[in-house]
Every structure is written in structure tokens, then in C-alpha cells.
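Taking it in order: structure first as C-alpha cells, then the write-up.
Chains as they are written, first to last, in the numbering used here: chain A, 3 to 358; chain B, 700 to 1184.
Now the structure itself:
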């Protein structure tokens, strides 16, 4: 502190009108008391002005390591060719699925006209419903508040050990969950612990342990449930089109549920990543379902072989869904995984198998 | 062999097996709490026990925040030959009488059992989530005796006398130097004379210790902290100015002193290290950096020397008598700058930096390989609250509390009854300047820390008193958190 030479030790009377005593530790678990003592905050801000340069110095360095754009990207030849491969397969799958539907309708037409018309009507109705559901999921996801840069701010506060930044980001975090019944108890506990903590990293640690723990568990259950559903439906569904449609709906609704759970949707970059993952998933699901006939040729027509191939297909699709769920969890969670373990595919799959 | 002997042997063997079995199912961890006199050992232990036993607020103790903490309670300690830590009296002093408890004068011990919900499958179903925490409280001065083991009486005399001739020690060594000058080492041994010497020498060490000088590196440790050995021959010796190369006869004064010095090493120093120190698993070293800062650069430098000597005890290198008797190495060492509540929290980082700086060279030299070492600023019991005042265009971060009767700051003196807000001064961002004799002008300390009385107790849920603290939970988590998984 540059001004330290002029600041001599001194004592003050407690009746001094200029004196502001910090709030006593709130002991009862009442949310209202938890509101930040604003004047104390302001004075701290002014007082540390001398420090500003040093803290800003560390801040200036920090973002370069934390923003996703600055992280090293491995742009090997594979990703470009991989993209071409995936998109061409995707196109093929879409064509094949369309062909399958068209040939089904044609087949039915050749048997009886009314069957054909019925099938056509049902197919269009299904397509319409699918489009409606997808639109609804996407719009409700878009309506949610964007989480913005809160994750970066949490990471930066923790790294720079800047207590003021940590308290600021904590206010934003608490605002995400204020008014939610399922978070009331956690917010009260956090408010109770907060005044006794003095360090940025400790504040972030306790916030993660208290706020995120139950949300993480719920998110995990949500992902497992979606994965299970996708597994079962793709294992028993008769047509590739149904697989693709169901996977699309299940994944979109999973993403929306996670975003609602954590209090906001991910930023644009996160959304793009998720969209790409979902597209890959759809392609592979369709591909496998269509390849089913091929597998039958290879493994023979016995029921057992067909059944196991179906089951394998279901498990694989469940795996893809849980992978997307985890990626969505990571971009929706307002704090990075630091003090709580990030869920692993292994745990999720055992949960899926257990309950399935 | 008599039948009763066989019976005894069998019983011992069975008891040994039983201990082994109970260790498997109820793991025990020995936590050493040490620090030089006045560092706050007793307060730290009392607050630790109180906060664990009566459900204090410990948000940074993971097992509590994760909701896996069930309860903690005191149990009879396993070692019958060590005094019990008098928790009940200390907590009454603090809560009822609002005075600080009596300081540690000897080794004492207490067993605390923590029940918790383990995370692992094996632990949850087989071990059952219990941890015995044996807290061993001993004076840090005793650790300063370790270097004596490698010294002869003549070497030790020469070193001690030389140190006492330097300022600031020379100011308080005058009366001891007078008797030292008169003494003839070759004269016939005489018990009253030896006692005179020992008394003068002890008085010299004690005045080095008091608040004005606040020096720390003052071996032999038992002269200041005699424990139950007060007045015994092993403590009745002192350095003499010996002539190098001369061999003094056994019955001369020097011969007697030398014999006693040797027996001090073998009956006092070695048994302590063997029976208590060597069995520790975790260690917290409390450091009262603020008292040293109050007294000035000499005290700070002396504290650094003392801490370096203390940390040498944790070195497990070769050529060390200690390493041969150490059952295992201490796994975690926490260096804690205590009394952080005397400062506004804006200054805690600086205090931590001072603690780091005090110990960093020693830590490097001590090759504490394998042990986790950390430094924090803490306060076992938080006696103050924070406040701020706007003055001359700046905001000052203050601490408010009840200063102890007789404390002074500037021209105002305190009576121990009235609450007051104190601005203790700012610690420098660069701790180096505190170690450099050139920076602070004499008599014009940049900082002045006032001692406060224990806080008025807060009532928590359930009507039990809550002891506020600063980072006590973080310290506990560092020291034992890994064993509560």
C-alpha cells in the first residue's frame, strides 16, 4: 500500500459518528439478513484503491488463459475430413430415412389405396408434431437467461485471490437461484457461512459445495433418465425415422431441463458445440438403425442375434445421449468443477443400467 | 518363571492385539500443537475442541459442509502418564470470565473422537466412520533443544555467551555477565554457586522473552518452560567462559556443569523426542508474528532463527539422531500466524506473507520432502469485529473489541471494560521490509497491536455458545480433512 507511511496506528471511540461497524454475524437462517451490507462493500472498494494496480495486473493476465478462444485448438487434417465424412454420412442417412418412409408408404399404396393414404396422413402428422415439439423446446431454451461470463468470473476470482471480485460474483450466483424453493435452504446456509470466510478461493469453494451439490445430483439423474429413455425407445422402435425423431426430442428437452436447473442457458459458443454434438448423435443413430438390416445379414436371422443387436444399438444411443448431457451440464453449470467431482460417463451408465 | 509372570505376559500380548484391532477399526491420528510461549496454543486447542464438540460454524471443513459430520466428543486419553489438557477450565475462563486461559507450561494431551459418514464403500460398511484425534500440546521451546544434542558443553557455552554480548541481548545480560566474570571454572564445584549461576542465567533468558524484546531463540527450552522439572539438578547449570583446549577435572565447577548439561540432554531432551515427538502424524506450528512486529526488527529476526531451529526437527535427513527414532514422518505441517483478528482482513494476506517469509528459508533448508506444508493467518478465537472509518480522504479498516486492561496506543490507555475501535496500522505488501533493520525508524513502529479480551459469547442455535474464529476451519481441514473421506 503506497499510503502506508502516513497511516499511523490509532484508536477510535465507538460513538464516533464517522465509524461504521460491520454487520454482526447473522445467526438465524433468514434470507433477508443475508443481503450484502452494501456500505461496507463500498468502503472496501475505495480503500483498496492502492491495490487496484496489482489486482488488475493479475486480472489482465487471467482472461487470456480462461477464455475458450485462447485455448489451443488442434486443427489437424482430421477435423476437416472428419467434418466432410460426418456431414456426407448425415446426408446419406437423411436420404435413406426419407427413402425408407417413402417406400413404406409406396408399399402400402400398392396393397390398398386407403392404407397408403392413412400411412401418408400419419407420417405427415408425425412430422408436424415433431417439428412443433422441436420448435417449442428451442424457443423455450432461447427464452432462458444467458449465463454469460459468470463461469469465467468464478474461475478468475478464484485464481487471482481477489476477495472483492469473489464477493461480486457470489452476488450474481445467488441471484441465479433467488426465489427458487429448491435452493432456499442452500442459499440460507451459504449466507450463514459467508461472513466467516475471508478468502476468494475459500468463498468459491464453499459456494460450489453448498450451491452446486444438489443441482449436480439432479442433473445427473436427469441425464440418466434421458439416456435410459433413448436406449429403450431405439431398442424397440421399428423404424430409423422414429429413432431419429425421438433422439432429437429427448436431447433437446434434456438440454432445456439442465439449463432450467442451473438457472440459465449457455452462451453462443456453448450452444454451437452442443448443436454439433446433437447432429453427430442423430447421424450415428440413424446410421446404426439403417445398418441394422446389414447386421442381420452378417449375423444371421436368428431372434437372439437380432435382439442383441437391437440392445446394443439401444445402449450405444444411450451412451451418446449421456455424452451430450454431460457436455450440456458443463456449459450450463455456472461454476467450473473444482471442489466437487465432475460426473463421469462410467457412473452415468451404471445408473442407466441399474434403473433400466 | 512364575505363573503370575506368564499370566502377565499373556495379558500384555492380548492387550497388544486388542489395541491393534481397535486401531484398524478406529483409526487414530496424533496432532501436535506447538508454538513459542504466547503464540496461542491453548486458545487454538480450546476453540478447536469447542467448535467441533458443540457444533460451531466450520464452513471450510469439508466433512461439515458436505453434511457428513455426525458428532465429536471427548474421550479418556490413552496415555495415562501424560497430563490431560484441561479443556473444561479453559473454556470456562473464556466464556464465563472473559479472560484468556493460562498458557501451556508442559506437555498435555486430549482425545477427541469424530464420527462421520465415510464416502467409500469399504469404510462405510466395515470401518464405520470414526476417527480418534489425539491432540498433543507442548511448548515450542522444547523443540529448540534439538540442536543441543550435537553440541558439547564447551561449544554451547561459547555460543550462548557470544550471543548474549550482542545488542539487544547485552542490555539485559549485565547482571548475569557480572557473576560470569567472577566465576572460576576450575574451582571446586559448589551447589549454591551453581544454583546462583543457573538463576541468573534463567533470569537473563526470561527478560529476553518479555514483551519489550520479545526474543524467541532462547535454548535450553526447559529453563523457560521447566514443566515438572523445576529445581532439579538437570536444570541447575549455566554456560561458563571456558578456556579452549583446557580439560577441567570432574569435581570442578565446569566439570559439574558439563555433567549436568549431558544429563539434561539424555534425561530431558531425548525422552521427549522419543516418547512424544516421534509419534506425531500432523503438526501445527503457531507463530505470534504480531508480538515480534510490535517489538521491532531484532525480534522478527530472532523469531526467524527460532522457527528455523524448530523446523529442523521435522527434517528427516541422514546423520540425525532424530531420524533413527522417528517411527514415521510427519505428513502435514501447518504454519499458522495467529491473532489474525488483531488486523482488518485486508491485511490478512500480508500477515500470511510474513509467516511464509519467516519460515520459507527454513523450509527450504529443512528439506521437508514428502510432507505437505502450508501457511495461513488464523485466529483460534476471534475477539474483534470489523469496522471502518473515513478520515482525511481515506477509509481505514478498523477492528473493534475490548482491549485488555493496561494496553496503550498512542496516548490513550484502556481499562479492559470499554469497547474501542483500533486502527493497528498497515502491514507492508513486501514482508522483506520488516526483516530489514534499515527500514523502520527506531521508536516509530509502523504497526501497533493491542491485545483484546475474549469476545462476548454469541448464542447459537440450541442456546449453546458459539466461539467465532478466523480460518480455524481451514486449518482443521488441512490437518485432518484427508482422513475423514
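From the three backbone atoms N, C-alpha and C, an ideal C-beta is built for every residue, glycine too.
- No Cβ of chain A is located within less than 8 Å of the beta carbon of residue 847 of chain B.
- At a Cβ-Cβ threshold of 8 Å, residue 923 of chain B and residue 967 of chain B do not count as neighbours.
- Look at the stretch 1084-1109 of chain B: the residues with a C-beta under 9 Å from a C-beta of chain A are 1084, 1085, 1086, 1087, 1088, 1089, 1090, 1091, 1093, 1094, 1095, 1096, 1097, 1099, 1102, 1108 and 1109.
- Burial check for residue 946 of chain B: the Cβ neighbour count within 10 Å stays below 16, so the residue is exposed.
- Of all residues in the stretch 204-220 of chain A, those with a C-beta nearer than 9 Å to a C-beta of chain B are 204, 207, 208, 211, 212 and 215, reading in chain order.
- Bounds of any alpha helix (DSSP H) do not take in residue 1084 of chain B; it lies within the beta strand (DSSP E) bounded by 1084-1090.
- Taking all protein chains in view, the Cβ of residue 1029 of chain B is crowded by 16 or more other Cβ atoms within 10 Å, so the residue is classified as buried.
- Leaving aside the five residues that flank residue 148 of chain A on each side, the residues in its chain whose CB is nearer than 7 Å to its CB run, in chain order, 266, 267 and 269.
- Under a criterion of Cβ atoms nearer than 7 Å, the residues of chain A adjacent to residue 1123 of chain B are, in order, 11.
- For residue 876 of chain B, there is no enclosing beta strand (DSSP E); the enclosing alpha helix (DSSP H) has its first and last residue at 873-881.
- Residue 1183 of chain B has its alpha-carbon roughly 27 Å from the corresponding atom of residue 1010 of chain B.
- Relative to residue 201 of chain A, the option among A/210, A/190 and A/159 whose CA is nearest is A/159.
- Counting of Cβ neighbours within 10 angstroms places residue 724 of chain B among the exposed residues, the total staying below 16.
- Judged by their CB atoms, residue 1100 of chain B and residue 1118 of chain B are nearer to each other than the 8 Å cut-off.
- With fewer than 16 neighbouring CB atoms inside 10 Å of its own CB, residue 769 of chain B falls in the exposed class.
- Note: residue 1098 of chain B is bridge-paired with B/1085 and B/1121 in the DSSP secondary-structure output.
- Taking CB atoms only, residue 781 of chain B has no neighbour in chain A less than 8 Å away.
- DSSP places residue 102 of chain A within a helical segment (H, G or I) once states are collapsed to three.
- The shortest C-alpha to C-alpha distance from residue 287 of chain A to any of A/104, A/347, A/95 and A/255 is the one to A/95.
- By the criterion of a C-beta distance shorter than 8 Å, residue 991 of chain B is surrounded in its chain by 913, 915, 998, 999, 1001 and 1002, once the five residues flanking it on both sides are discounted.
- Just so you know, the alpha carbons of residue 223 of chain A and residue 974 of chain B end up roughly 53 Å apart.
- The three-state reading of DSSP puts residue 215 of chain A in helix, counting H, G and I together.
- What residue 1146 of chain B touches in chain A, judged by beta-carbon distance under 9 Å, is 11, going in chain order.
- Here residue 993 of chain B is near residue 1147 of chain B, since their CB atoms are less than 8 Å apart.
- Chain-ordered listing is empty here: chain B has no CB closer than 8 Å to the CB of residue 173 of chain A, the nearest sitting near 18 Å.
- Straight through space, the alpha carbons of residue 1129 of chain B and residue 1135 of chain B are spaced by roughly 11 Å.
- Counting every other CB atom within 10 Å of its CB across the protein chains shown gives residue 982 of chain B a total of 16 or more, marking it as buried.
- Shown here, residue 1163 of chain B sits in coil according to DSSP, grouped into three states, outside any helix or strand.
- The beta-bridge partner set that DSSP reports for residue 1071 of chain B consists of B/1031.
- DSSP places residue 811 of chain B in the uninterrupted beta strand (DSSP E) bounded by 807-815.
- For residue 982 of chain B, the enclosing beta strand (DSSP E) has its first and last residue at 981-986.
- In the three-state scheme derived from DSSP, where H, G and I count as helix and E and B as strand, residue 798 of chain B is classed as coil.
- For residue 743 of chain B, the enclosing alpha helix (DSSP H) covers residues 740-752.
- Separation of residue 247 of chain A and residue 315 of chain A (C-alpha to C-alpha, rounded to the nearest whole angstrom) is 16 Å.
- The beta carbons of residue 989 of chain B and residue 734 of chain B sit about 13 Å from each other, so the pair does not count as a contact at 8 Å.
- In this structure, residue 960 of chain B keeps its C-beta atom at 8 Å or more from the C-beta atom of residue 897 of chain B.
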